[in-house]
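Accompanying notes for the structure given below.
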Amino acid sequence: MTSLMRRLLPDHVEVTEVLGELVAPPLFPEEAAVVARAVDKRRREFATGRRCARLSLAALGIEAVPLLPGPRGEPGWPAGVVGAISHCDGYRVAAVARSTDLVALGIDAESAAALPDGVLEAVSLPEERADLARLRRTVPEVPWDRLLFSAKESVYKVWFPLTRRPLGFEEARVRFTREPDAAGAARGTFSVRLLIPVPPAFAGPVGGGAELTGRWLVDQGLVLTALAPAVRPAGDGPCAGVPGDRSMAGASGASARPGPPCPP
């Protein structure tokens, strides 16, 4: 399989992805205890995700350690690392980077199928549903409702480690833009505007800004989204090092969420 999540992230992010499960990936005893009472499917999913994460960490030169879930299920990464794990039927992926490069990292993987009845209304704003209706008319092959859900999952994975606060689906406004793809896949960017006051713990690291940008891809039966806000240069102001739209470092850009807007 051609690497999919790699196409959405900067070069300094290490990505490991697999189809299905790895064969009997080992867990640390502390990790095994977390899923000791889970069903077999969940134990295998958890173990493969952790194995992918350790392979990504090894590519950064970081030794294997237990990756225990936090209060919202987020992996506990070693000091100096940001990362995320995601999974859906038949696919597992983990991405990590040094915290000197990225403020946080949000990735999500979903099956490229429409959401169940009623879910879109629960996870979207009326204006988002109007946007999706227009997009369906022009690009009907993309499961736009699933893509919206995935983008908001990636937003949350950046938001929570910085703020330790919940974020409701209705508290982030997402818009999608499509880009050409030489391989024929559907891909593009998405912008995110938070609709609630942004705490300093978030606004400071991401450098403020009212609108930030991530990337999305639909290919090989999967929907993928990613956000990777870059660390600003030390000693610079809140808008330094981030031209205009807060795009990710590198050609495949993406970013996080707002605090006070920066001047154009």
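Offset between the sequence shown (1-based) and our numbering: plus 914. All C-beta atoms in this analysis are idealised placements derived from N, C-alpha and C, irrespective of residue type, glycine included. Owing to the predicted nature of the structure, the values given are computational and were not obtained by experimental measurement.
With a 10 Å radius around its C-beta and 16 neighbouring C-beta atoms as the bar for buried, classify residue i as buried or exposed.
| i | result |
| --- | --- |
| G963 | buried |
| D1022 | buried |
| T930 | buried |
| G1082 | exposed |
| L1109 | exposed |
| K955 | exposed |
| E928 | buried |
| S917 | exposed |
| R1048 | exposed |
| E944 | exposed |
| A961 | buried |
| E1035 | exposed |
| T1127 | buried |
| G1004 | exposed |
May I ask you to report which of helix, strand or coil DSSP gives residue i?
| i | result |
| --- | --- |
| T1077 | helix |
| P1040 | helix |
| P1157 | With a pLDDT of 28 at P1157, under the threshold of 50, the predicted position of this residue should be treated as unreliable, though the coordinate-derived value follows. Three-state DSSP puts P1157 in coil, outside helix and strand. |
| W1130 | strand |
| L969 | helix |
| P992 | coil |
| L1019 | coil |
| S1184 | Since the displayed the chain opens at 915 and closes at 1178, residue 1184 lies outside it and no answer follows. |
| L1062 | helix |
| R921 | helix |
| D1045 | helix |
| G1151 | Residue placement at G1151 cannot be trusted, given a pLDDT of 48 that sits under 50; what the coordinates show is reported in the next sentence. If DSSP states are grouped into helix, strand and coil, G1151 belongs with coil. |
| L974 | coil |
| E1055 | coil |
| V937 | coil |
| A946 | helix |
| G963 | helix |
| R1050 | helix |
| R986 | coil |
How is the alpha helix (DSSP H) around residue i delimited, first residue to last?
| i | result |
| --- | --- |
| R951 | It is not in any alpha helix (DSSP H) - R951 carries neither H nor E in the DSSP assignment. |
| P980 | First-last for P980: undefined, no H or E at that position. |
| P1119 | 1114-1120 |
Residue i bridges to which residues according to DSSP?
| i | result |
| --- | --- |
| G1092 | Inspection of the sequence shows that residue 1092 is occupied by Arg rather than by Gly. In the DSSP output, where bridge partners are listed per residue, R1092 has G1102. |
| S1025 | L1136 |
| A1008 | T930, I999 |
| A1086 | L1108 |
| A1144 | L1016 |
Between which two residues does the beta strand (DSSP E) carrying residue i extend?
| i | result |
| --- | --- |
| V929 | 928-933 |
Q) Within the chosen definition, does the segment 967-978 reach the segment 992-1008 through at least 3 CB pairs nearer than 8 Å? A) Contact between the segment 967-978 and the segment 992-1008 is present, because at least three Cβ pairs lie under 8 Å.
Q.
Taking 8 Å as the cut-off, does the segment 1011-1020 touch the segment 1066-1079 (at least 3 CB pairs, one atom from each stretch)?
A. Yes, the segment 1066-1079 touches the segment 1011-1020.
Q.
Taking contact to mean 3 or more Cβ pairs, one atom from each stretch, closer than 8 Å, check whether the segment 983-999 and the segment 1092-1100 are in contact.
A. They do not touch, by the three-pair rule.
Q. For the segment 1134-1145 against the segment 1056-1063, are there 3 or more C-beta pairs whose distance is under 8 Å?
A. In short, these stretches touch, since the Cβ pair count reaches three.
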